[in-house]
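If you use the working numbering, the sequence shown closes out at 233, no skipped numbers anywhere.
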Amino acid sequence: MANIRIEDIERQIFAQRDEKTALKLQSKFQTSFHIAGLSQKARQEFLRKIQKDFPPGDDEFLWLNLLHDLWDSPYFECKLIALQLLFIQDERVDSNIWGTLDHWTDDIDTWILADWLGHVRAIANNKMPYLIMRLAVWLQSLNPMRRRSALVSLVHVSPENGACKLILRPQEIIAFVEPVIGDQDHNVSPAIAWILNLIKERSPSLFADYYKNVQTQLDRNVHKLLFQSLSDIK
Numbered sequence: 000m001a002n003i004r005i006e007d008i009e010r011q012i013f014a015q016r017d018e019k020t021a022l023k024l025q026s027k028f029q030t031s032f033h034i035a036g037l038s039q040k041a042r043q044e045f046l047r048k049i050q051k052d053f054p055p056g057d058d059e060f061l062w063l064n065l066l067h068d069l070w071d072s073p074y075f076e077c078k079l080i081a082l083q084l085l086f087i088q089d090e091r092v093d094s095n096i097w098g099t100l101d102h103w104t105d106d107i108d109t110w111i112l113a114d115w116l117g118h119v120r121a122i123a124n125n126k127m128p129y130l131i132m133r134l135a136v137w138l139q140s141l142n143p144m145r146r147r148s149a150l151v152s153l154v155h156v157s158p159e160n161g162a163c164k165l166i167l168r169p170q171e172i173i174a175f176v177e178p179v180i181g182d183q184d185h186n187v188s189p190a191i192a193w194i195l196n197l198i199k200e201r202s203p204s205l206f207a208d209y210y211k212n213v214q215t216q217l218d219r220n221v222h223k224l225l226f227q228s229l230s231d232i233k
């Protein structure tokens with residue numbers, strides 16, 4: 000049985016805090032959550048430790064409790080670890096986790112958490128496509144983080160190799176994102192560009208026709224990002 004506790008994780012995060020790194024991350028992510036400045040190497044070590052204590056198929060109740068404890072922590076790093084754990088152990092992601100992801104999306108104020116929530120939600124969408132229709136309302140939300148997260152949820156990113164796959168056919172994706180195609184919010188436009196670049200990569204002729212019709216509606220940032228590689232956008 001796993002014996003890892005949120006108090007132990009927070010204590011270790013506090014011990015490894017780095018003010019210089021925290022300032023850099025705060026400048027990049029612009030969040031109100033407390034950033035300890037944990038290095039990527041240290042965060043990956045936490046992920047390995049928790050995965051060892053909670054192997055796939057282990058006690059689901061304790062696993063969910065730990066996820067909620069991580070999310071409720073004041074540390075930004077704990078919230079990120081919770082989402083990355085779900086992403087890595089994608090076999091645990093099902094329709095039952097949707098309500099939790101929905102609730103968590105209301106809490107966020109930074110694009111990085113919106114994206115990771117989207118990546119986890121995309122796993123559920125890929126397994127159960129009927130869930131995708133729930134995103135239609137999100138795209139009309141007044142909360143830009145919810146709109147961004149909904150867009151990211153339309154692309155399944157493989158936990159094994161990082162390969163990106165549109166969950167719907169390109170023409171269906173176009174119809175789905177039409178309500179936000181002209182979104183001017185600086186948090187949402189990178190996600191629009193990411194989606195359009197994936198369509199351009201998979202169906203160049205469809206993209207060309209669509210771009211011709213909507214180019215005057217697109218935010219200036221989207222035009223700029225359409226000429227960058229996918230890895231540079233987010």
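Even for Gly, the Cβ is constructed at its ideal location relative to N, Cα and C.
Leu-150 is a Cβ neighbour of Val-187, given a cutoff of 9 Å. Beta-bridge analysis with DSSP links His-33 to Tyr-74. The count of Cβ pairs closer than 8 Å, one atom from the region 109-117 and one from the region 139-147, reaches three, so the stretches are in contact. With at least 16 other beta carbons inside 10 angstroms of its own, Arg-91 counts as buried.
Excluding sequence positions up to five before and after Gln-25, its CB lies within less than 7 Å of the CB of Ile-34, all in the same chain and listed in chain order. The C-beta separation of Gly-36 from Lys-19 comes to about 7 Å, placing the pair in contact by the 8 Å criterion. In this model, Phe-32 and Asp-68 are separated by some 15 Å (Cα to Cα).
Per the C-alpha coordinates, the member of Arg-10, Pro-128 and Val-221 positioned closest to Pro-189 is Val-221. Under the three-state reduction of DSSP output, Leu-225 falls in the coil class, being neither helix nor strand. Sixteen is the threshold: when 16 or more other Cβ atoms of the shown chains lie within 10 Å of the Cβ of Lys-78, as they do, the residue is buried. Positions of the alpha helix (DSSP H) runs, each at least 4 residues long and wholly inside the region 139-163, are given as 143-151 in order along the chain. Between the region 199-215 and the region 169-186, the count of Cβ pairs shorter than 8 Å is three or higher; the stretches touch. Setting aside the 5 residues that flank it on each side, Phe-206 is surrounded in the same chain by Ile-198 and Lys-199, each with a C-beta closer than 6 Å to its C-beta; the list follows chain order. Nearest to Phe-86 by C-alpha distance, out of Ser-94, Asp-71 and Gly-117, is Gly-117.
Looking from the CA of Thr-104, the closest CA among Trp-137, Pro-54 and Asn-125 belongs to Trp-137. In the displayed model, Leu-217 falls within coil according to three-state DSSP, outside both helix and strand. The beta-carbon separation of Ser-152 and Asn-124, rounded to 6 Å, stays under the 8 Å limit for a contact. In the structure shown, the three-state DSSP call for Leu-167 is coil. One Cα belongs to Arg-4, the other to Gln-29, and the distance between them is close to 28 Å. A check of alpha carbon separations from Leu-84 across Leu-66, Arg-219, Asp-101 and Gln-39 identifies Leu-66 as the nearest. Going by beta carbons, Asp-89 and Ile-122 fall inside the 9 Å limit. Judged by beta-carbon spacing, Phe-45 lies within the 9 Å limit of Gln-11, meaning their Cβ atoms are closer than that value. Per DSSP, Val-179 is not a residue of any alpha helix (DSSP H), being assigned neither H nor E.
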